[in-house]
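Position 179 of the sequence shown, counted from 1, bears residue number 179 in UniProt numbering, the numbering being contiguous throughout.
Notes for the one structure printed next.
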Amino acid sequence: MGNHHSVKRECLYEAIRQLATLYNLTDVVELLLNRGCVPRDKRTSRAFDLAVWKCHKDIATMFLKAGIEYKGRNQFNETILFVSACGNNSTLTEILIEGGCDLNECTRSWTALHVAAARNHDEVLRVLVKHGCDLNIRDRDGFNALMLAILNENLKNIKLLVQCGCSINIEELYSTPCLAKQLTKYPEIERIVWNECTRVKNLKELARFRIRSSLGQRTWKKNITIAITNTIERLYYIEGIVQFM
């Protein structure tokens with residue numbers, strides 16, 4: 001009987017925590033936490049997720065200081081970074097990452113980066129990239145963050161992702177109808193993608209040339225230099241003969 005009342009009491013506390021969090025009632029949340037009403041079960045407690053999703057930083061910070069468990073998954077099997085990215089909460093995203101949350105953990109095949117790219121949450125995306133998330137993880141449909149940014153016509157995020165090393169397969173982009181349509185419709189996006197592909201190709205060619213040179217292999221640049229030198233010598237020789245005549 002006592003256990004039954006304990007369960008009912010915990011359910012009541014959780015309901016109050018959720019309502020107080022939803023309406024950003026910091027005093028009520030603080031009172032509950034001070035009385036020991038700290039959520040322990042990540043699966044049944046949604047108050048912290050609500051605080052993160054609604055961007056109620058003060059309440060979220062209170063929960064963190066109270067020592068709640070936040071690295072697991074909620075009742076919808078979502079990670080807290082996924083929730084934070086959905087709520088466009090860059091500050092809490094950074095706090096959670098520094099607290100040890102896995103940057104690349106997936107929720108329904110999406111990482112937090114997928115969410116940020118798909119929803120145009122620029123600041124969250126920047127925080128995730130800054131902390132070294134994997135830029136090339138693909139969802140169940142085969143899309144990475146860059147592809148989602150292209151679909152959302154977000155030049156800022158596209159530039160950031162390509163500059164930070166997100167892989168680009170130009171043939172794949174043009175063979176995927178929805179992406180090819182965006183590239184045709186927005187020349188600026190197409191230009192960014194092509195410029196990055198060209199730059200990467202040039203860097204690869206330079207690297208190959210340096211490696212071949214260090215191995216003592218003859219390179220096309222070396223051949224051209226020799227040919228030009230020989231041509232100049234012949235011209236000087238012919239000029240000398242003409243002057244002598």
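Backbone N, C-alpha and C define an ideal beta-carbon position, used for all residues, glycine too.
Owing to the predicted nature of the structure, the values given are computational and were not obtained by experimental measurement.
Between Glu10 and Cys86, the alpha-carbon positions lie close to 28 Å from each other.
In the structure shown, Thr79 falls within a strand segment according to DSSP collapsed to helix, strand and coil.
Burial check for His131: the Cβ neighbour count within 10 Å stays below 16, so the residue is exposed.
Arg46 has its alpha-carbon roughly 17 Å from the corresponding atom of Thr93. When the beta-carbon positions are compared, Ala116 and Leu125 come within less than 8 Å of each other.
The residue from Val193, Leu113 and Glu78 with its alpha-carbon nearest to that of Ile158 is Val193. Measuring C-alpha to C-alpha distances from Tyr186 to each of Glu153, Val127 and Gln75 identifies Glu153 as the nearest. In the DSSP assignment, Ala60 falls within the unbroken alpha helix (DSSP H) covering Lys57 to Lys65. When the Cα atoms are used, Glu78 and Gly72 turn out to be separated by approximately 8 Å.
Membership of Cys37 in any alpha helix (DSSP H) is not indicated, and neither H nor E is assigned to it by DSSP. The beta carbon of Arg138 is closer than 7 Å to those of Asn144 in its chain, skipping five residues each way along the sequence. When the five nearest sequence neighbours on each side are left out, the beta carbons in the same chain lying within less than 7 Å of the beta carbon of Val29 are those of Arg17, Ala20, Thr21, Ile59 and Met62, in order along the chain.
Leaving aside the five residues that flank Asn120 on each side, the residues in its chain whose CB is nearer than 6 Å to its CB run, in chain order, Asn152 and Asn154.
Between Ala112 and Leu148 a beta carbon distance of about 12 Å is seen, past the 8 Å cut, so the two are scored as non-contacting. Judged by DSSP in its simplified three-state form, Thr21 adopts helix.
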